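One structure below.
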Amino acid sequence: MSLFDGLTIRSVERALDFESERQRVTAHNIANVSTPGFLAKRLHFEGQLAEAIDEGWHTEPEPSTTIAETPIRLDGNNVSLEQETMVQIQSGLHYESLVEAMSFKFGVLNTAIRMGR
Numbered sequence: 146m147s148l149f150d151g152l153t154i155r156s157v158e159r160a161l162d163f164e165s166e167r168q169r170v171t172a173h174n175i176a177n178v179s180t181p182g183f184l185a186k187r188l189h190f191e192g193q194l195a196e197a198i199d200e201g202w203h204t205e206p207e208p209s210t211t212i213a214e215t216p217i218r219l220d221g222n223n224v225s226l227e228q229e230t231m232v233q234i235q236s237g238l239h240y241e242s243l244v245e246a247m248s249f250k251f252g253v254l255n256t257a258i259r260m261g262r
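Printed below as a string of structure tokens:
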């Protein structure tokens with residue numbers, strides 16, 4: 146195990162990947178706001194990630210997608226621009242928090258290295 150393979154770093158790294166994917170899925174939903182018959186999707190990964198962490202990363206977490214539970218319009222589309230915007234904002238905040246967590250972790254490692262000289 147290297148210095149950068151710890152549980153925290155691996156978990157934050159995967160969470161960043163998944164939040165990035167959530168933002169891609171949400172952007173795809175927004176791009177199809179006027180497409181008849183298009184059904185918005187939601188990406189879920191928190192439960193799978195927590196399970197992988199609890200099991201010591203014996204299994205790789207896989208996100209899942211579901212259809213958004215928003216009302217379907219007459220054209221068969223269920224994209225709610227308001228809902229998608231909220232998901233994008235939340236995901237962006239989560240992503241920023243994860244980046245801060247990673248920066249903190251690297252700061253701690255940097256301090257430990259400097260103190261060990």
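For the sequence shown, the tail end lands on 262 under this note's numbering, and the numbers increase by one without skipping.
In this text, a Cβ means the ideal position worked out from N, Cα and C, and glycines have one as well.
Every value quoted in this text rests on a predicted model; they were computed, and no experiment measured them.
| query | Among Leu194, Met247, Pro206 and Val178, which has the Cα closest to the Cα of Arg218? | reply | Nearest C-alpha to Arg218: Val178.
| said: Please state the DSSP three-state secondary structure of Ser209. | reply: Three-state result, Ser209: strand.
| Leu152 versus Thr215 - alpha carbon distance | Distance between the alpha carbons of Leu152 and Thr215: 36 angstroms.
| When the Cα atoms are used, what is the spatial distance from Met260 to Met231? | 43 angstroms
| Delimiting residues of the beta strand (DSSP E) encompassing Arg155 | Run containing Arg155: none in the beta strand (DSSP E); it sits in the alpha helix (DSSP H), Leu152 to Ala176.
| task | Could you spell out where the alpha helix (DSSP H) holding His239 opens and where it closes? | result | Leu226 to Met260
| For Leu184, which three-state DSSP category applies? | coil
| Counting pairs of Cβ atoms below 8 angstroms between the region 221–230 and the region 179–192, do you hit three or more? | yes
| Residue burial classification, Thr211 (beta-carbon count within 10 angstroms, cutoff 16) | exposed
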